[in-house]
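Quick notes on the structure that follows.
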Amino acid sequence: MAGGKRRNWWRGLGYGLAVFTGLIAVLWAVFATPDIPVATLRAKYANEASQFVELSPGTTIHFRDEGPRDGHPVVLVHGSDASLHTWEPWVQRLTAKGYRVITLDLPAHGLSGPTPQGLYTGAAYAGVVAQLVDRLGLKRFALGGNSMGGGVAWRYAVAHPERLSALILVDASGKPSRKGSSPPLGFRLARIPVARDILATVTPRVIFEKSFAQSISNQAIATPAMIDRYWELHLYPGNRRATVQRFGQYSGDDGAADKLKSLTVPTLILWGRDDKLIPVSVAQWFNQQIPGSRVTILDGIGHIPMEEAPDRSLAPVLELLERTGQPFPIGAGVAVVPVGGVS
8 MAGGKRRNWW
18 RGLGYGLAVF
28 TGLIAVLWAV
38 FATPDIPVAT
48 LRAKYANEAS
58 QFVELSPGTT
68 IHFRDEGPRD
78 GHPVVLVHGS
88 DASLHTWEPW
98 VQRLTAKGYR
108 VITLDLPAHG
118 LSGPTPQGLY
128 TGAAYAGVVA
138 QLVDRLGLKR
148 FALGGNSMGG
158 GVAWRYAVAH
168 PERLSALILV
178 DASGKPSRKG
188 SSPPLGFRLA
198 RIPVARDILA
208 TVTPRVIFEK
218 SFAQSISNQA
228 IATPAMIDRY
238 WELHLYPGNR
248 RATVQRFGQY
258 SGDDGAADKL
268 KSLTVPTLIL
278 WGRDDKLIPV
288 SVAQWFNQQI
298 PGSRVTILDG
308 IGHIPMEEAP
318 DRSLAPVLEL
328 LERTGQPFPI
338 GAGVAVVPVG
348 GVS
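So in our numbering the end of the sequence shown lands on 350, straight run, no missing numbers.
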């Protein structure tokens, strides 16, 4: 009798697993999103300024080098799941003022595909920036980054401070996680085999629509074309699986932040007060770590100030660039930009 119960239990378990597996397969078949061909994406999202360079075998980077060649160079690095297009509002304004502006798609973002090594850490991305600026022959330049790109920028800065005239951190990542804290859900899922496969193939547009809306305060910029850009570029062949790899490689504290206190590069820390992804308190943390840095808080703005309010967010950047090489006074305070019309 007991043996019969055990057999029935195992049969029930097997039936349940079969049903569950079947449901997953059906959902996968219904919601799986195909890649978009490279040629299609390049035709839509590259322009006359777009260039593609092979930095190492198998690693080709999409970048743009705009503005006068004798202008002071400004290199800008985008955030997670974004692309160089996020900087277009700033690029237009900076080049009009005579700056040379270089933007790039990091590996597994935008029109840059995955790398053979499959390494997508902040340190690896800082290495990509180093390769590109060396290839372009930039001796001294200003470097800025948003979100994950901000983490890449300050990692480059601590490794090559002598190359930088200024550092611009826009809602930047990199504050170490508290000991014992759990990684964000997406990073945990990236370490589960079945979840990894789903994340790499099931990518409905609505996820990007909701995620983008949660990232910004100025909802007027969340146009269908903007959402399409973020979503479609994520469908570049190989980039989704590489993104899952990147999430799986996440480390809450790689020790690099310990070197921030040694930075002497003139640094602007720019933040949207309404940032729901990286809270504004992190701006103060960076200010405490980097001697002589200055903080500008933008009221009514979220995680992507350069897209949400180009003119207001660029104003303190221009002030910094105009005094390139002259650090802010040690102990400079917080400059709060008051609420006004979103530009």
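Idealized CB from N, CA, C, for every residue including glycine.
Contacts around residue i, its chain only, beta-carbon distance under 7 Å, and the 5 residues preceding and following it disregarded
i      : result
Pro317 : Pro96, Trp97, Arg100 and Ser350
Ser180 : Ser154, Met155, Gly157, Gly158 and Ile285
Arg49  : Leu118
Ile228 : Glu314 and Glu315
Pro75  : Gly105 and Arg107
Arg253 : Ala115 and Tyr127
Val272 : Ala164, Pro168, Leu171, Ala173 and Leu174
Tyr132 : Leu113 and Val159
Lys266 : Val165
heavy atom of the ligand NAP below 6 Å from residue i C-beta
i      : result
Thr210 : Questions concerning the ligand NAP fall outside what the structure shown contains, since it holds no ligand whatsoever.
Between the CA atoms of residue j and residue i - distance to the nearest angstrom
i      : j      : result
Glu239 : Gly151 : 25 Å
Pro191 : Ser224 : Because Pro191 sits at a pLDDT of 47, beneath the cut-off of 50, its placement in the model cannot be relied upon, and the point is left open.
Phe215 : Val302 : 30 Å
Ala232 : Arg162 : 32 Å
Ser172 : Gln221 : 34 Å
Phe59  : Thr110 : 12 Å
Ala115 : Thr250 : 7 Å
Val45  : Lys268 : 42 Å
Ala149 : Ala164 : 10 Å
Arg170 : Gly134 : 14 Å
Thr40  : Ser288 : 37 Å
Arg71  : Ala53  : 9 Å
Arg319 : Glu326 : 12 Å
Thr102 : Arg212 : 33 Å
Ser300 : Glu61  : 35 Å
His79  : Asp42  : 38 Å
Leu328 : Val81  : 9 Å
Ala130 : Ser258 : 11 Å
His310 : Asp77  : 32 Å
Phe293 : Asp141 : 27 Å
Glu73  : Ala264 : 31 Å
Lys51  : Ser57  : 12 Å
Gln291 : Ile297 : 10 Å
Leu83  : His241 : 20 Å
Lys217 : Val324 : 30 Å
Ser306 : Gly255 : Per the sequence presented here, residue 306 reads as Asp, with Ser not at that position. Each residue's alpha carbon lies about 34 Å from the other.
Residue environment, residue i, which counts as buried when at least 16 other CB atoms sit within 10 Å
i      : result
Glu55  : exposed
Asp88  : buried
Thr47  : exposed
Lys182 : buried
Val177 : buried
Gly262 : exposed
Thr93  : buried
Arg330 : exposed
Gln295 : exposed
Arg147 : exposed
Thr274 : buried
Val346 : Any answer about Val346 is weak, because its pLDDT of 38 lies below 50 and its placement is not dependable; what the coordinates show is given next. Exposed, by the Cβ-count rule.
Own chain partners of residue i with C-beta closer than 6 Å, once the 5 adjacent residues on each side are dropped
i      : result
Gly245 : Gly120 and Pro121
Gly86  : Asn153, Ser154, Met155 and Gly156
Nearest-angstrom beta carbon gap, residue j and residue i [assumed within contact, 8 Å]
i      : j      : result
Leu277 : Pro312 : 6 Å
Asp281 : Ile308 : 6 Å
Leu139 : Ile68  : 6 Å
Asp112 : Leu91  : 5 Å
Strand pairing of residue i, partner residues [DSSP]
i      : result
Gln124 : According to DSSP, Gln124 bridges with nothing at all.
Gly65  : According to DSSP, Gly65 bridges with nothing at all.
Gly152 : Val84 and Leu176
Ile109 : Asp72 and Val82
Phe59  : His69
Gly279 : Leu305
Ala39  : Val209
His116 : Ser119
Leu171 : Phe148
His274 : In the sequence as displayed, the identity of residue 274 is Thr instead of His. Its beta-bridge partners are Leu174.
Spatial neighbours of residue i in its chain, beta-carbon cut-off 8 Å, leaving aside the 5 residues before and after
i      : result
Pro123 : Pro64, Gly65 and Thr66
Phe219 : Ala229, Met233, Ile234 and Tyr237
Ala137 : Tyr163, Ala166 and His167
Lys283 : Gln221, Ser222, Gly309 and His310
Thr210 : Thr40, Trp238, His241, Leu242 and Arg247
Leu145 : Pro80, Val82, Ile109 and Arg170
Gln226 : Ala220
Within-7 Å CB hit, residue i to chain B
i      : result
Ser172 : Among the chains of the structure shown, chain B does not appear; only one protein chain is present.
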